[in-house]
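*Asks:*
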Amino acid sequence: MVHFVGAGPGAKDLLTIRGKELIEKADLIIYAGSLVNPELLDFAKKECEIFDSSKLTLQEVMDIIRAAEKESKTTVRLHTGDPSIYGAIREQMDILEKENIAFDTTPGVSSFCGAAASLNMEYTLPGITQSVIITRIDGRTKVPESESVEALASHGATLVFFLSAKESSRLSERLLKSGLSEDTPCAVVYRATWPDEKKFICDLKDLSGNMESFGIDRQALIIVGKAVAQSGYELSRLYALDFSTGYRKGTVVNEKG
């Protein structure tokens, strides 16, 4: 059996209970060594075999899993954050399905959630935006034209850029050319929830320069949009006095109060 497990954003105690239990039971762990906090491996039993996938090809990863399956061992494939976001898990799953190797997935806390927690930020502020777009700038991995920086910026939603820290200058230029104003609020969180986390908030025009000043060129999320300012929003209707739900009846408020 192969278990794909989300390691969470970084902090050891943000691993899910299920994920921890699977790591404890694993005979073999293949983890994304460049991104996963190695402290999570402390939960593994002493005899567990551990491999760092940052040094392996897809073929080598699958060969290790095949060998473990022949010995009826339990494998944990430990991915950073939540494996469904830029986790490259589908290509592994397709091979496992073809070879009739059983697998399942345990979700993890994504770094975009960890970043929001570090900033004490709400992405979906009423009256500001009700949508979050998770994306990346094009690079060695292409992005569909319909999902270009310019196309997504036109929606006015909160934009969360993964895998784009090295391209902050080009990203800023394209966001400005797309029509966003120079004073559009942005946030950068480097290694969210890790002990060496760095974070700052700035205007779009200062984004690239600030990232250079902080020495951030990888493992960082760039958040762009009005929601970053955390101001000017409307109060939630859910808790309004005159709003009825299936759990409470709203009170009619007349003009005289």
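Read the sequence shown against our numbering and you will find it ends at 293, with the numbers running on by one and no gaps. Backbone N, C-alpha and C define an ideal beta-carbon position, used for all residues, glycine too.
Using the Cα positions of residue 162 and residue 233, report the straight-line distance between them to the nearest angstrom.
*Replies:* Taking the first residue of the sequence shown as 1, we reach residue 162 at position 126. Taking the first residue of the sequence shown as 1, we reach residue 233 at position 197. Going by the C-alpha atoms only, they are around 29 Å apart.
*Asks:* On the CB-based measure, 16 or more other CB atoms within 10 Å of its CB, does residue 138 come out buried or exposed?
*Replies:* Counting from one through the sequence shown, the residue named residue 138 turns up at place 102. The residue is exposed, with fewer than 16 neighbouring Cβ atoms inside 10 Å.
*Asks:* Please look up how many angstroms separate the CB atoms of residue 201 and residue 247, rounded, as I've assumed it's under 8 Å.
*Replies:* Locating residue 201 in the sequence shown gives position 165, where the first residue counts as 1. Locating residue 247 in the sequence shown gives position 211, where the first residue counts as 1. 7 Å between Cβ atoms; contact.
*Asks:* Put residue 91 into one of helix, strand or coil per three-state DSSP.
*Replies:* On the sequence shown, position 55 is the one that residue 91 refers to. In this structure, residue 91 counts as helix in the three-state DSSP scheme.
*Asks:* Do you know offhand how far residue 203's Cα is from residue 62's?
*Replies:* Within the sequence shown, residue 203 is the residue found at index 167, counting from 1. Within the sequence shown, residue 62 is the residue found at index 26, counting from 1. Approximately 38 Å, taken between the alpha carbons.
*Asks:* Decide if residue 156 is buried, meaning its Cβ has at least 16 other Cβ atoms within 10 Å, or exposed.
*Replies:* On the sequence shown, position 120 is the one that residue 156 refers to. Residue 156 should be labelled exposed.
*Asks:* Considering only residues of the same chain and omitting the five flanking positions on each side of residue 81, which have a CB-CB separation below 7 Å?
*Replies:* Taking the sequence shown and counting its residues from 1, the one referred to as residue 81 is at position 45. The residues are 60.
*Asks:* When you compare each of 118, 165, 68 and 113 to residue 268 by their alpha carbons, which one comes out closest?
*Replies:* Residue mapping note: residue 268 aligns to position 232 of the sequence shown, counting from 1. Here the closest residue by C-alpha is 165.
*Asks:* Indicate whether residue 240 and residue 219 have their beta-carbon atoms separated by less than 9 Å.
*Replies:* Locating residue 240 in the sequence shown gives position 204, counting from the first residue. Locating residue 219 in the sequence shown gives position 183, counting from the first residue. The answer is yes: Cβ separation under 9 Å.
*Asks:* Whole angstroms is fine: what's the gap from residue 144's alpha carbon to residue 112's?
*Replies:* Looking up residue 144 in the sequence shown gives position 108. Looking up residue 112 in the sequence shown gives position 76. So the alpha carbons of these two residues sit roughly 14 Å apart.
*Asks:* Counting along the chain, where does the beta strand (DSSP E) carrying residue 66 start and finish?
*Replies:* Taking the sequence shown and counting its residues from 1, the one referred to as residue 66 is at position 30. Looking at the DSSP string, the run of the beta strand (DSSP E) that includes residue 66 is 64-67.
*Asks:* Which runs of the beta strand (DSSP E) fall wholly inside the segment 147-232 and span at least 3 residues, in chain order?
*Replies:* Entirely contained in the segment 147-232, the beta strand (DSSP E) runs reaching 3 residues are, in chain order, 168-171, 194-197 and 221-226.
*Asks:* Please classify residue 105 as buried or exposed, where buried requires at least 16 other C-beta atoms within 10 Å of its C-beta.
*Replies:* Taking the first residue of the sequence shown as position 1, residue 105 is located at position 69. Label assigned to residue 105: buried.
*Asks:* Have a look at residue 208 and residue 122 and give me their C-alpha separation to the nearest angstrom.
*Replies:* Taking the first residue of the sequence shown as 1, we reach residue 208 at position 172. Taking the first residue of the sequence shown as 1, we reach residue 122 at position 86. Taking the straight line joining both Cα atoms gives about 22 Å.
*Asks:* Measuring CA to CA, which of 142, 186 and 160 is closest to residue 271?
*Replies:* Reading the sequence shown from its first residue, position 235 is the one you call residue 271. Comparing Cα-Cα distances from residue 271 to each of 142, 186 and 160, the minimum goes to 160.
*Asks:* Roughly how many angstroms separate the alpha carbons of residue 172 and residue 284, rounded to a whole number?
*Replies:* Sequence index remark: in the sequence shown, residue 172 carries index 136 (1-based). Sequence index remark: in the sequence shown, residue 284 carries index 248 (1-based). When rounded, the distance between both Cα atoms is 42 Å.
*Asks:* Thinking just about the alpha-carbon of each residue, which of 212, 191, 213 and 198 is nearest to the one in residue 225?
*Replies:* Mapped onto the sequence shown, residue 225 falls at position 189. Selected option, being the one with the closest Cα: 198.
*Asks:* By alpha-carbon positions, which one of 87, 149 and 55 ends up nearest to residue 228?
*Replies:* Along the sequence shown, read from residue 1 onward, the residue named residue 228 stands at position 192. Minimum Cα distance to residue 228 is reached at 149.
*Asks:* Since residue 48 and residue 83 are thought to touch, with beta carbons under 8 Å apart, how far apart are those beta carbons, to the nearest angstrom?
*Replies:* The count along the sequence shown starts at 1 and reaches residue 48 at position 12. The count along the sequence shown starts at 1 and reaches residue 83 at position 47. About 21 Å separates the two Cβ atoms, so there is no contact after all.
*Asks:* List the DSSP bridge partners of residue 140.
*Replies:* Taking the first residue of the sequence shown as 1, we reach residue 140 at position 104. Its beta-bridge partners are 39.
*Asks:* By the DSSP assignment, the beta strand (DSSP E) with residue 273 in it spans what residues?
*Replies:* Position 237 of the sequence shown, counted from the start, is the residue given in the question as residue 273. First-last for residue 273: undefined, no H or E at that position.
*Asks:* Can the beta-carbon of residue 65 be found less than 9 Å from the beta-carbon of residue 114?
*Replies:* If you number the sequence shown from 1, residue 65 lands on position 29. If you number the sequence shown from 1, residue 114 lands on position 78. Taking 9 Å as the Cβ cut-off, residue 65 and residue 114 qualify as a contacting pair.
*Asks:* Let's test the definition: count the other Cβ atoms within 10 Å of the Cβ of residue 90 and tell me whether it reaches 16, buried, or not, exposed.
*Replies:* If you number the sequence shown from 1, residue 90 lands on position 54. Looking at its Cβ environment, which holds fewer than 16 other Cβ atoms inside 10 Å, residue 90 is exposed.
*Asks:* In its own chain, which residues sit with a C-beta less than 8 Å from the C-beta of residue 69, not counting the 5 before and 5 after it?
*Replies:* Locating residue 69 in the sequence shown gives position 33, counting from the first residue. Result list for residue 69: 88, 89, 90 and 91, in chain order.
*Asks:* I'd like to confirm the pairing. Which residues does DSSP put opposite residue 295 in its beta bridges?
*Replies:* No statement about residue 295 is possible, as the shown extent of the chain runs from 37 to 293 and does not include it.
*Asks:* Between residue 116 and residue 154, is the Cβ-Cβ spacing less than 9 Å?
*Replies:* Looking up residue 116 in the sequence shown gives position 80. Looking up residue 154 in the sequence shown gives position 118. No; because the gap between Cβ atoms is not below 9 Å, this pair is not in contact.
*Asks:* Within its chain, find whatever has a CB closer than 7 Å to the CB of residue 56; leave out the 5 residues flanking it on each side and keep chain order.
*Replies:* For the purposes of this step, residue 56 is taken as residue 20 along the sequence shown, with counting starting at 1. Taken in chain order, the residues that qualify are 79.
*Asks:* Throw me the rounded Cβ distance for the residue 274 and residue 286 pair, which I believe falls under 8 Å.
*Replies:* As a first step, residue 274 must be located in the sequence shown, where it is residue number 238. As a first step, residue 286 must be located in the sequence shown, where it is residue number 250. Contact doesn't hold; Cβ gap of about 11 Å is too wide.
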